[in-house]
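Residues 203 to 546 (our numbering) make up the sequence shown, in order.
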Amino acid sequence: MNIKLIFLSIFSFLILTSCSDDDFGIPVELEGDFANGIFILNEGNSSGGSLSFMTSDFSETTQNAYKSVNPDDDLGLFVQSIFFDDQYAYIISNGSNMITIVNRYTLEFVDRIDSGLNVPMYGLILNGKAYVTNQADFSTTADDYVAVIDLASRTVENTIVLGSYAEKIYEFENKIYVQNASYGFGDKVSKLNIADQTVEQTLSFSSAISDTYLSNGKLYVLAQDEISQVNLTNFQTSSTWSLAETHVGASRIAVEGNAIYFTSSNSVYNFTTSDDTISETALFNYETTSAFGTFYGFDVHNGFIYLSDGTDFASNGFIQIRNSQGDLIKEQEVGIGPNSFYFN
Numbered sequence: 203m204n205i206k207l208i209f210l211s212i213f214s215f216l217i218l219t220s221c222s223d224d225d226f227g228i229p230v231e232l233e234g235d236f237a238n239g240i241f242i243l244n245e246g247n248s249s250g251g252s253l254s255f256m257t258s259d260f261s262e263t264t265q266n267a268y269k270s271v272n273p274d275d276d277l278g279l280f281v282q283s284i285f286f287d288d289q290y291a292y293i294i295s296n297g298s299n300m301i302t303i304v305n306r307y308t309l310e311f312v313d314r315i316d317s318g319l320n321v322p323m324y325g326l327i328l329n330g331k332a333y334v335t336n337q338a339d340f341s342t343t344a345d346d347y348v349a350v351i352d353l354a355s356r357t358v359e360n361t362i363v364l365g366s367y368a369e370k371i372y373e374f375e376n377k378i379y380v381q382n383a384s385y386g387f388g389d390k391v392s393k394l395n396i397a398d399q400t401v402e403q404t405l406s407f408s409s410a411i412s413d414t415y416l417s418n419g420k421l422y423v424l425a426q427d428e429i430s431q432v433n434l435t436n437f438q439t440s441s442t443w444s445l446a447e448t449h450v451g452a453s454r455i456a457v458e459g460n461a462i463y464f465t466s467s468n469s470v471y472n473f474t475t476s477d478d479t480i481s482e483t484a485l486f487n488y489e490t491t492s493a494f495g496t497f498y499g500f501d502v503h504n505g506f507i508y509l510s511d512g513t514d515f516a517s518n519g520f521i522q523i524r525n526s527q528g529d530l531i532k533e534q535e536v537g538i539g540p541n542s543f544y545f546n
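Below is the structure:
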């Protein structure tokens, strides 16, 4: 018998059994009941918010997913948004001034940040710190700020006062950008300097900003009269598209590749970055009786359009998933006031 062949066979067996699939670049299935799907954040009302989870093939939905794992805890009042790192999900509840930290794949409770926050809204993580926008006193914008949170101690170590509205927050190439507009007021986006933790520059737009969206290093700004594309490399507007009277009241925007989608009333419109004008013909509309919950959440991901409706904010809302042509794929009841989607 060939001794060399026997030795090589044993050696190969030992190597293969001591290595994981990940060592060979083979995709590894992440462990956890919530490792592959979509979180739907339900803002809730005075009785509290919740978290729903849908599998990536849209076949199964878990309501009250957080509560199912943590039956003795809740997410607090007015659950606003989620941000992530590799291991954890950080769930912001602005009515309770707290951030609940969970394992993003199992939803098991890890910790809670509940000091140094005042109506927290949106957050992100950069270089071991979390940056969270806070609206503070609603009667003034003078006290709106970004809380800088040390993630090692999970405490607020500094605040960056914006002097303007504090809403959505984005990171690109170690710079942070904040939407200085909320509820139809405010017409600016600010760039923060992380080194000295100050507002470095602001960019103004022609009218009040309704929404913003970051995609491929470009920030898309939906204002009342136009949509702008901002090149974040030089923080300058690179393209603009005028909105027609048909688009009055445009409220949400989402971008994937070169396709731009936005909402107006109960309709979705779309165009591409190479278009000179925006079509006045809607891609689709959907039936709703909601006075304030129409397109309460809106996003585009992997060729699917996601929308949510808050209905009356006293009973459960619903979501719809449509393909890029606007055809309905799935409609699903979720919790009260569904406001956003997160793809885990």
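All residues carry an ideal CB built from backbone N, CA and C; glycine is no exception. Note that the coordinates shown come from a computational prediction; the quantities given were computed from them, not determined experimentally.
- Simplified DSSP assignment, three categories, for Lys331: In this structure, Lys331 counts as strand in the three-state DSSP scheme.
- Query: Considering Val271, what are the terminal residues of the beta strand (DSSP E) in which it resides?
  - Reply: Under the DSSP assignment, Val271 falls outside any beta strand (DSSP E), being part of the alpha helix (DSSP H) whose first and last residues are Ala267 to Val271.
- Task: Let me know the beta strand (DSSP E) ranges lying completely inside the segment 422 to 499, each 3 residues or longer, listed in chain order.
- Result: If we require 3 residues or more, the beta strand (DSSP E) runs fully inside the segment 422 to 499 come out as 428 to 433, 438 to 444, 452 to 458, 461 to 466 and 469 to 474.
- Answer with buried or exposed for Leu319, where buried requires no fewer than 16 other C-beta atoms within 10 angstroms of its C-beta. Leu319 is buried by the Cβ-count criterion.
- State buried or exposed for Ile411, treating a residue as buried only when at least 16 other CB atoms are found within 10 Å of its CB. Label assigned to Ile411: buried.
- Message: Bridge partners for Lys390 per DSSP, in chain order?
- Response: For Lys390, which the question treats as bridged, DSSP gives the partners Asn382 and Ser406.
- Query: Is Lys420 helix, strand or coil when you go by DSSP?
  - Reply: DSSP places Lys420 in strand when its eight states are reduced to three.
- Query: Start and end of the beta strand (DSSP E) containing Leu509?
  - Reply: Unbroken beta strand (DSSP E) run through Leu509: Phe506 to Asp511.
- Return the residue from the list Ser254, Gly246, Asn238 and Phe236 that minimises the CA-CA distance to Gln534. Closest option to Gln534, Cα to Cα, is Ser254.
- Query: From Asp276, Ser409, Leu394 and Gly386, pick the residue whose C-alpha is nearest to that of Val350; which is it?
  - Reply: If we check each option's Cα against that of Val350, Leu394 comes out closest.
- Where does the unbroken beta strand (DSSP E) through Gln534 begin, and where does it stop? Leu530 to Glu535 is the span of the beta strand (DSSP E), which, as asked, contains Gln534.
- Query: Are the Cβ atoms of Ser548 and Asn382 separated by less than 8 Å?
  - Reply: Coverage of the chain is limited to positions 203 through 546, which leaves residue 548 absent and any answer about it impossible.
- Query: Count the other CB atoms within 10 Å of the CB of Ala291; is the residue buried (16 or more) or exposed (fewer)?
  - Reply: Per the 10 Å Cβ criterion, buried.
- For Arg524, which beta-bridge partners are listed by DSSP? In the DSSP output, where bridge partners are listed per residue, Arg524 has Ile507 and Leu530.
- Task: List the whole-angstrom C-beta distance separating His503 from Tyr471, where the pair is believed to meet the contact cut-off of C-beta under 8 Å.
- Result: About 18 Å separates the beta carbons of His503 and Tyr471, which is beyond the 8 Å limit, so they are not a contact pair.
- Query: Does the segment 341 to 348 come within contact of the segment 297 to 317, defined as at least 3 CB pairs closer than 8 Å?
  - Reply: Not touching, per the Cβ criterion.
- Determine the extent of the beta strand (DSSP E) in which Phe311 is found, giving its start and end residues. Element bounds for Phe311: Phe311 to Ile315.
- For Ile538, is the classification buried or exposed, using 16 other Cβ atoms within 10 angstroms of its Cβ as the cut-off for buried? Residue environment for Ile538: buried (at least 16 other C-beta atoms within 10 angstroms of its C-beta).
- Item | Same chain only: Cβ atoms within 7 Å of Gly451, ignoring 5 sequence neighbours per side | Contacts found: Ser466 and Ser467.
- Message: Is the beta carbon of Val348 closer than 8 Å to that of Thr357?
- Response: At the C-beta level, Thr357 and Val348 stay beyond 8 Å of one another.
- Message: Taking the straight line between their C-alpha atoms, what separation do you get for Ile242 and Lys370?
- Response: Roughly 18 Å separates the two Cα atoms.
- By DSSP, does Gly246 sit in helix, in strand, or in coil? Three-state result, Gly246: strand.
- N-terminal and C-terminal residue of the beta strand (DSSP E) that Gln399 is part of: Run containing Gln399: none; DSSP gives neither H nor E here.
- With a threshold of 16 other CB atoms inside 10 Å of the CB of Ser469, please say whether the residue is buried or exposed. Here Ser469 is buried: its Cβ has 16 or more other Cβ atoms, across all protein chains shown, within 10 Å.
- For Val502, does the three-state DSSP call read helix, strand or coil? Looking at Val502 - three-state DSSP - the assignment turns out to be strand.
- Task: Tell me Lys377's beta-bridge partners as DSSP assigns them.
- Result: Per DSSP, Phe374.
- Counting Cβ pairs, one atom from each stretch, are 3 or more of them under 8 Å apart for the segment 479 to 499 and the segment 510 to 522? Three or more pairs of CB atoms, one per stretch, sit closer than 8 Å, so the segment 479 to 499 contacts the segment 510 to 522.
- Which class does Gln193 belong to by DSSP, given the choice of helix, strand or coil? Outside the displayed span of the chain (203 to 546) sits residue 193, for which this structure offers no information.
- For Ala484, which residues of its own chain have a beta-carbon under 7 Å away from its beta-carbon, when the five flanking residues on both sides are left out? Within its own chain, the residues whose Cβ lies closer than 7 Å to the Cβ of Ala484, once the five positions on either side in sequence are excluded, are Ser469, Val470 and Tyr471, listed in chain order.
- Task: List the residues that DSSP assigns as beta-bridge partners of Met300.
- Result: Checking the DSSP bridge columns, you'll see Met300 partnered with Ser295.
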